[in-house]
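Asks:
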Amino acid sequence: MSSTVHLQPRRRWTGLAVLVLAVTLVAVDATVLSLAIPSISETLRPSGTQLLWIGDAYSFVLAGLLVSMGSLSDRIGRKKLLLIGATAFGAASLLAAYAPSAGWLILARALLGVAGATIMPSTLSLIRTLFPDDRERATAIGIWGAAATAGAALGPVVGGVLLEHFWWGSVFLLNIPVLVLLLVLGGWLLPESRDPNPGRWDVLSVLLSLAGVIGVVYAIKEAAAHGVVRWDVPATAVLGATALFLFVRRQLRLETPLLDVRLFRNRRFTAAVLASLIALIGLSGIVFVISQYLQLVRGYPPLKAGLAELPAFAGAMAGGLLTARLVRRAGARAVLTAGLLTMGVGIGLLGWIQQDSTYLLLAAAFLLVGTAEGVVYTLGADLVLSAAPADKAGAASAVSETAYELGTALGIALVGSVVGALYADRLVVPAGADPAAAAQAGESLGGAVEAAHALPETLAGPLLASAREAFVHGVNAAGMLAGALLLGAAVLAWRMLRGTAGPAPETVPQDAPEDGRRAAPEPAPEKVNV
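Quick note: the sequence shown uses our numbering, first residue 57, plus one each step.
Dropping the structure here:
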């Protein structure tokens, strides 16, 4: 059956609800851990580096495998891979919930990334199958994007509710009943679809993609944390860059590539990918540190800290749902640029917060950032999906998700490392403190709080005051840096989308002109089993 067959409206929209459930689960899992960081620090006692890995191992692996899994979904079936991934996600969630050490938790987060890589591109490409009509698909992607961004914003709230009553592992056990519901409803409601002529799945391309992404990101992360003097930083940077170069060259030579890199000739496609990547670099790092700020600097309990971030959730929902209407009125170029500018202003506001800043400043920043992220994420996904032939929807949507997850990993690595470096440089340990406590305090703000428990009050008070002041200084610098990144992304998007205003086209074949105008050839019918 061709992908142009119209399913019953109720079947289409009910199927979308299942996909929204899946993407919300993965999005929540990416941020739900942020409020649990202080509790994990107290229980598992990770080092500063381990703490960063706990935060970004999920996104690192997810980003490294998304293109490969998106291509695999085109070959074996998007519904099948979605259900397989959901099962694996449940198993990895159990391992994470009961991890006995920081090392085991990092491993479990990495396995969650492997499973998540099978879910995200499958959901977006199945929307292409369910909604062949342009206008309906734009609305569906708006709902999907709202769920993804709102899920990420909702993560801290969910984490706060659970941590108020249970231990930190409960944030992972929440996944289990949701996954059971997803498996039952997905198996019943979703149609199967795949590329009718997929070619072979090139394992060497998979390995090159994974090695390249993880190698480059690891090098950037370690360089930000420790500088480039360590031998492993330049070594992994060279190895990662070489792997990515070989990956691109191999894709250009393969008859059926894992990723058709020629899609990047389309300016809509490239602008959307770059905008999503840079936006998430700025956003994710701030989200990672702001949860620690709310709990360890302002003294909020986990639930109150999660509720404090609710404006971001409300904004993300509104932004995602309004995207299609905004694009019809103002065009993709204006909407994407305005979204990036608004996000930059919102994040930049965090560069002015202090320990006693009014909550209204935080709420305004959260609302601006959440709304703009809902627009940018949804529009970016629509531009990417519209630029690819229908039979390559899995691989194309994986590029969008790769930018999202790679940006998340880089953001936590870069922004988290900047905050950590400025914190360590500014921290003043009172004279007379035990050397072991001083070393623990220098690792992170959570470490300083733990160290203060073992010190007399005359030393604990000054240590905590210095640690909080140093951390806020790092957050201010990170907010300014991230805001500047978003403003740069807005300028880039405005320039790259020049001459491409208006709604995104249905498909843009490989040889389409750069301005994104529709070309004559249509993609081959896609195999869909209803």
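Cβ atoms here follow ideal geometry from the backbone N, Cα and C, with glycine treated the same way.
Taking the alpha-carbon of V273 as reference, which of V262, V285, L295 and L260 has the nearest alpha-carbon?
Replies: The count along the sequence shown starts at 1 and reaches residue 273 at position 217. Considering only alpha carbons, the answer is L295.
Asks: Closer than 7 angstroms by C-beta to A546: which residues in its own chain qualify, once you throw out the five before and the five after it? Chain order, please.
Replies: For the purposes of this step, residue 546 is taken as residue 490 along the sequence shown, with counting starting at 1. Same-chain partners within the cutoff: T393, L396, L397 and G400.
Asks: When the Cβ atoms of the stretch 102-109 are set against those of the stretch 213-232, are three or more pairs found closer than 8 angstroms?
Replies: Result no; under three Cβ-Cβ pairs closer than 8 angstroms.
Asks: Do I403 and V425 have their C-beta atoms within less than 8 angstroms of each other?
Replies: For the purposes of this step, residue 403 is identified with residue 347 of the sequence shown, where counting begins at 1. For the purposes of this step, residue 425 is identified with residue 369 of the sequence shown, where counting begins at 1. Against a cut-off of 8 angstroms, the Cβ pair of V425 and I403 comes out as a contact.
Asks: Within 10 Å of its beta-carbon, does V259 have 16 or more other beta-carbons around it, so buried, or fewer, so exposed?
Replies: Counted from its first residue, the sequence shown places residue 259 at position 203. When all chains shown are included, V259 counts as exposed.
Asks: State the DSSP-derived secondary structure class of S249, mapped to helix, strand or coil.
Replies: Along the sequence shown, read from residue 1 onward, the residue named residue 249 stands at position 193. Three-state result, S249: strand.
Asks: Out of A533, V432 and V505, which has the shortest C-alpha to C-alpha gap to L333?
Replies: In the sequence shown, counting from the first residue as 1, residue 333 sits at position 277. Ranking the options by Cα distance to L333, first place goes to V432.
Asks: How long is the line joining the alpha carbons of S347 and G530, rounded to whole angstroms?
Replies: Here residue 347 corresponds to residue number 291 of the sequence shown, with the count starting at 1. Here residue 530 corresponds to residue number 474 of the sequence shown, with the count starting at 1. Distance between the alpha carbons of S347 and G530 is about 14 angstroms.
Asks: When you compare the CB positions of L418 and A335, do they come within less than 8 angstroms of one another, or not?
Replies: Working through the sequence shown from its first residue, we reach residue 418 at position 362. Working through the sequence shown from its first residue, we reach residue 335 at position 279. No, the Cβ-Cβ distance between L418 and A335 is not below 8 angstroms.
Asks: Tell me, please, whether the stretch 314-324 touches the stretch 174-187 by the rule of three or more beta-carbon pairs shorter than 8 angstroms.
Replies: Not touching, per the Cβ criterion.
Asks: Which first and last residues belong to the alpha helix (DSSP H) in which L139 is found?
Replies: Taking the first residue of the sequence shown as position 1, residue 139 is located at position 83. That run of the alpha helix (DSSP H) goes R134 to A153.
Asks: I want to see whether chain B comes within less than 8 angstroms of L239, judged by CB atoms only; does it?
Replies: Looking at the structure shown, chain B is missing, and only one protein chain is on hand.
Asks: Taking all protein chains shown into account, decide if F422 is buried (16 or more other Cβ within 10 angstroms of its Cβ) or exposed.
Replies: The residue labelled residue 422 in the question sits at position 366 within the sequence shown. Counting Cβ neighbours within 10 Å, F422 comes out buried, since at least 16 surround it.
Asks: Distance check for L382 and V391, CA to CA, integer angstroms please.
Replies: By 1-based counting over the sequence shown, the position of residue 391 is 335. By 1-based counting over the sequence shown, the position of residue 382 is 326. Near 7 angstroms, if we compare the C-alpha coordinates of L382 and V391.
Asks: If you compare alpha carbons, which of A171, L100 and T80 is closest to G207?
Replies: In the sequence shown, the residue the question calls residue 207 occupies position 151. Considering only alpha carbons, the answer is T80.
Asks: Which two residues bound the contiguous alpha helix (DSSP H) that contains Q351?
Replies: Indexing the sequence shown from 1 puts residue 351 at position 295. Segment: none, Q351 is in no alpha helix (DSSP H) and carries neither H nor E.
Asks: Along the chain, where does the alpha helix (DSSP H) containing Q589 start, and where does it finish?
Replies: Given a span of 57 to 586 for the chain in the structure shown, any question on residue 589 remains unanswerable.
Asks: Would the beta-carbon of L246 fall within 8 angstroms of that of V74?
Replies: In the sequence shown, the residue the question calls residue 246 occupies position 190. In the sequence shown, the residue the question calls residue 74 occupies position 18. Yes.
Asks: Can you tell me which of the three DSSP states L378 falls into?
Replies: Start at 1 with the first residue of the sequence shown, and residue 378 comes out as number 322. Of the three classes helix, strand and coil, the one that applies to L378 here is helix, per DSSP.
Asks: Please report the distance separating the alpha-carbon of R191 from that of G198.
Replies: Reading the sequence shown from its first residue, position 135 is the one you call residue 191. Reading the sequence shown from its first residue, position 142 is the one you call residue 198. C-alpha separation (whole angstroms): 11 angstroms.
Asks: Taking the alpha-carbon positions, what's the V471 to R256 distance?
Replies: Along the sequence shown, one-based indexing puts residue 471 at 415. Along the sequence shown, one-based indexing puts residue 256 at 200. Cα to Cα, the separation comes out at about 39 angstroms.
Asks: Name the residue from F222, A459, L511 and V304 whose alpha carbon lies nearest to the alpha carbon of F116.
Replies: Taking the first residue of the sequence shown as 1, we reach residue 116 at position 60. Taking only the C-alpha atoms, the option nearest F116 is A459.
Asks: Quick one: using the 10 Å Cβ neighbour count with 16 as the cut-off for buried, is W200 buried or exposed?
Replies: In the sequence shown, counting from the first residue as 1, residue 200 sits at position 144. So W200 ends up on the buried side.
Asks: Spatial neighbours of G169 within its chain, please: CB distance less than 6 angstroms, with the 5 preceding and 5 following residues excluded, ordered by chain position.
Replies: In the sequence shown, residue 169 corresponds to position 113, counting from 1. Taken in chain order, the residues that qualify are Y114, V117 and L118.
Asks: Using a 10 Å radius around the Cβ and a threshold of 16 neighbouring Cβ atoms, would you call L72 buried or exposed?
Replies: As a first step, residue 72 is located in the sequence shown; it is residue number 16 there, counting from the start. Its Cβ being crowded by 16 or more others within 10 Å, L72 is buried.
Asks: Determine the extent of the alpha helix (DSSP H) in which A166 is found, giving its start and end residues.
Replies: Residue mapping note: residue 166 aligns to position 110 of the sequence shown, counting from 1. Segment A158 to L186, the alpha helix (DSSP H) holding A166.
Asks: To the nearest angstrom, how far is it from the Cα of S124 to the Cα of S261?
Replies: For the purposes of this step, residue 124 is identified with residue 68 of the sequence shown, where counting begins at 1. For the purposes of this step, residue 261 is identified with residue 205 of the sequence shown, where counting begins at 1. Between S124 and S261, the C-alpha separation is close to 8 angstroms.
Asks: The alpha helix (DSSP H) spanning F527 covers which residue range?
Replies: Within the sequence shown, residue 527 is the residue found at index 471, counting from 1. E513 to M552 is the span of the alpha helix (DSSP H), which, as asked, contains F527.
Asks: What residue from I132, A361 and A508 has the CA that sits closest to G215's CA?
Replies: The residue given as residue 215 occupies position 159 in the sequence shown. Checking every option, the nearest Cα to that of G215 belongs to A361.
Asks: By how many angstroms is the C-alpha of V440 removed from the C-alpha of R324?
Replies: Start at 1 with the first residue of the sequence shown, and residue 324 comes out as number 268. Start at 1 with the first residue of the sequence shown, and residue 440 comes out as number 384. R324 and V440: Cα-Cα distance of roughly 7 angstroms.
Asks: Is the beta carbon of L515 sitting closer than 8 angstroms to the one on G498?
Replies: Indexing the sequence shown from 1 puts residue 515 at position 459. Indexing the sequence shown from 1 puts residue 498 at position 442. No, the Cβ-Cβ distance between L515 and G498 is not below 8 angstroms.
Asks: Helix or strand or just coil, what does DSSP make of E220?
Replies: Translated into the one-based positions of the sequence shown, residue 220 becomes position 164. Helix.
Asks: DSSP on P102, reduced to helix/strand/coil?
Replies: Along the sequence shown, read from residue 1 onward, the residue named residue 102 stands at position 46. If DSSP states are grouped into helix, strand and coil, P102 belongs with coil.
Asks: If you reduce the DSSP assignment to three classes, tell me which class T312 lands in.
Replies: Stepping through the sequence shown from its first residue, residue 312 is reached at position 256. Coil.
Asks: Just checking my contact of S522 with L483 at CB under 8 angstroms: how many whole Å lie between their CB atoms?
Replies: For this step, residue 522 is matched to residue 466 along the sequence shown. For this step, residue 483 is matched to residue 427 along the sequence shown. So it is a contact: roughly 6 angstroms between Cβ atoms.
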